[in-house]
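Numbering (our numbering), first residue to last: 3 to 144. Here is the structure we will look at.
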């Protein structure tokens, strides 16, 4: 009997109407759709807020990466309140501090700086996904 397939769950900030929230979501989409589509799964923060059983089960049974757009840390807090653990948390502001030349602007559509910041963040998240996926691969093959 094979072990159930595991994914690294990505939960981005919902920050609707906020530039850093948009950066968070763009980075999450890039990771789950382009960079690591086979090893990740996107879970919308709103599903956790609504108490969706499938979303809660996903964060409870898989390594979870949260991406927060501001200091409130809503994604991280909601994952924990939903019975999950946070394997890694990323804050858009921390990534921006390392890439001050990439000034994000826009909400519905990010400017070039915002898109590049989202890409830099996505690369960092993808590296964390690789580390987490390697961990459960090692356990599966041990």
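Don't be surprised by glycine CBs; every beta carbon is placed ideally from N, CA and C. Please read all numbers here as calculations on a predicted model, not as lab measurements.
Starting from residue 103, follow the beta strand (DSSP E) in both directions and report where the run begins and ends. Where residue 103 is concerned, there is no enclosing beta strand (DSSP E), given that its DSSP letter is neither H nor E.
Can you give me the C-alpha to C-alpha distance between residue 67 and residue 13, rounded to a whole angstrom? Answer to the nearest angstrom: the Cα atoms are 6 Å apart.
Residue 51 (DSSP reduced to helix, strand or coil): Residue 51: helix per DSSP, three-state reduction.
Simplified DSSP assignment, three categories, for residue 8: The three-state secondary structure of residue 8, taken from DSSP, is coil.
Assumed close pair residue 25, residue 87 - CB separation to whole angstroms, cut-off 8 Å: Not quite, the Cβ-Cβ distance comes to about 24 Å (not below 8 Å), so this is no contact.
Cβ neighbour criterion (16 or more within 10 Å) applied to residue 53: Counting Cβ neighbours within 10 Å, residue 53 comes out exposed, since fewer than 16 surround it.
So residue 88 is in the beta strand (DSSP E); what residue range does that whole segment cover? Taken as a continuous stretch (DSSP letters only), residue 88 belongs to no beta strand (DSSP E), as it is neither H nor E.
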